[in-house]
Amino acid sequence: MQLLDGKIAAQSIKDHLKEKIETLVATGRRSPHLAAILVGNDGASETYVASKIRNCSEIGFRSSLIRLDAAATEESLIQAIEQLNSDTTVDGVLVQLPLPKHMNESKIIQLIHPDKDVDGFHPINAGRMLQGLTCFVPATPLGILLLLEHYHIETSGKMVVVIGRSNIVGRPISVLMSQDRPQGNATVTVTHSRSKDLPSICRHADIIIAALGKPLFLKADMIKPGAVVVDVGITRVVDPQKKSGFAIRGDVDFETVAPKCSYISPVPGGVGLMTIAALLHNTMMAYEIHHSNT
Ligand code: GUN
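Using the numbering used here, the first residue of the sequence shown is number 11, and each one after it goes up by one.
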């Protein structure tokens, strides 16, 4: 069994971006700029946004964090987005999800300019992705593709089972891996909470993408020997042993599943780090779009 090590793969992407930026700055250009909006102070969202900002600074990107109170009006969030849309020094804009209940996520996502939508959640980008056109691919699915690419995992002609059908991960990764593209050309089955006899479906898979958000769901008896397993889960569970009071659990029961796999991604240290690297990749792409338009 070999680890799909997100730390190594993400670092290689970040090193590449850092070099690119050093060259840009040396020729007098400004560096790419990511703006993140965080509404409220959900613990997990705070951690993710802090990590996005920290990673920007590590590679020489500019970043801005716009914070709104949990009780802020939807109108104030709309104003913040519109301001970032029209700011020519900002390349990428993201609104950290989930939003407080009094805000309409789908409406908010549609207000981000599609050329700055580095999360790839806007319906224009989702539609373009479906048709195989140039677009921002959502960061987690893109991170999975980049992880598979880094480890030269063959996907063409393979049986892929995706567990989960979310707009953020399951749906887009199933589309991408079935397309005629690198890390694509697979035969993809999308499974979900209504799927019958999931263990037997999983046992046919050469590659399993577990993205359902249920800690330790995927067990050894659901794995074909030699399968590749990608764990997308990042659920916080209470752990009094940890200083923070919680631990991060993946969707895969790593201890029992790993010995049966050819490759497996760990949690933490797998897809989560790739998601950030993919976001940086998308921000670089947004920057290049803006420079080609001016
Ligand atoms: N919440 C959970 N995942 C994501 C993500 O990829 N982007 C944003 N904006 N919010 C999230």
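Think of the CB as a built atom: it goes at the ideal place given N, C-alpha and C, for glycine as much as any other residue.
**Asked** Count the other CB atoms within 10 Å of the CB of Arg259; is the residue buried (16 or more) or exposed (fewer)?
**Response** buried
**Message:** Quick check: Leu156 and Ile23, are their CB atoms within less than 8 Å of each other?
**Reply:** yes
**Prompt:** Taking Ser205 as the reference, which of Val172, Pro192, Arg191 has the closest Cα?
**Reply:** Val172
**Message:** Going by the DSSP bridge assignment, what does Leu77 pair with across the sheet?
**Reply:** This sequence places Arg at residue 77; Leu is not what is there. Arg77 is bridged to Leu48.
**Prompt:** Terminal residues of the continuous alpha helix (DSSP H) containing Leu156?
**Reply:** 149-160
**Prompt:** First and last residue of the beta strand (DSSP E) that includes Ile23?
**Reply:** Taken as a continuous stretch (DSSP letters only), Ile23 belongs to no beta strand (DSSP E), being part of the alpha helix (DSSP H) at 16-36.
**Item:** Exposed unless 16 or more other CB atoms sit within 10 angstroms - verdict on Arg181
**Value:** buried
**Prompt:** Where in the segment 163-222 do unbroken runs of the beta strand (DSSP E), each at least 3 residues long, occur, reported from the N-terminal end onward?
**Reply:** 169-173, 197-201, 217-220
**Request:** Report all residues from its chain with a CB closer than 6 Å to the CB of Glu84; omit the five preceding and five following residues, and keep chain order.
**Result:** Met113
**Request:** Starting from Phe71, follow its DSSP beta bridges and name the residues at the other end.
**Result:** Answer is none; Phe71 lacks a bridge partner.
**Message:** Under 8 Å, with one C-beta from each stretch per pair, do the segment 66-73 and the segment 122-132 reach the 3-pair mark?
**Reply:** no
**Request:** For the alpha helix (DSSP H) containing Ile88, list its first residue and its last residue.
**Result:** 84-96
**Message:** Measuring only the C-alpha atoms, how far is Thr285 from Gly167?
**Reply:** 25 Å
**Request:** With a 10 Å radius around its C-beta and 16 neighbouring C-beta atoms as the bar for buried, classify Ala36 as buried or exposed.
**Result:** exposed
**Request:** Report yes or no: do three or more beta-carbon pairs, one from the segment 54-64 and one from the segment 88-97, lie closer than 8 Å?
**Result:** no
**Request:** Kindly give me the distance between the Cβ atoms of Val239 and Cys271, rounded to whole angstroms, as I take these residues to be in contact under 8 Å.
**Result:** 5 Å
**Gln106 beta carbon near ligand 1 (any heavy atom closer than 7 Å)** = yes
**Sequence-distant residues of the same chain with beta carbon closer than 6 Å to Asn195, five excluded per side** = Ser166
**Message:** According to DSSP, simplified to helix, strand and coil, what is His301?
**Reply:** helix
**Item:** Nearest to Ser203 (by Cα), restricted to the options Gln189, Ser188, Ser176, Leu226
**Value:** Ser176
**Prompt:** Thr57: beta carbon under 7 Å from a heavy atom of ligand 1?
**Reply:** no
**Request:** Whole angstroms is fine: what's the gap from Ile47's alpha carbon to Ser73's?
**Result:** 11 Å
**Per-residue burial, Pro42 [other beta carbons within 10 Å of its own, 16 or more giving buried]** = buried
**Item:** Which of helix, strand or coil DSSP assigns to Gly243
**Value:** coil
**Prompt:** Between Ile118 and Phe131, what straight-line distance do the alpha-carbon atoms span, to the nearest angstrom?
**Reply:** 10 Å
**Prompt:** Do Ile163 and Tyr273 have their C-beta atoms closer together than 8 Å?
**Reply:** yes
**Rounded straight-line distance, which links the Cα of His291 to that of Val301** = What sits at residue 301 in the sequence shown is His, not Val. Going from the Cα of His301 to the Cα of His291 covers about 16 Å.
**Prompt:** Going by C-alpha distance, which of Asn135, Thr150, Gln193 is nearest Gly16?
**Reply:** Thr150
**Asked** What is the residue span of the alpha helix (DSSP H) that Arg138 lies within?
**Response** 133-140
**Asked** CB of Ala60 to nearest heavy atom of ligand 1: below 7 Å?
**Response** no
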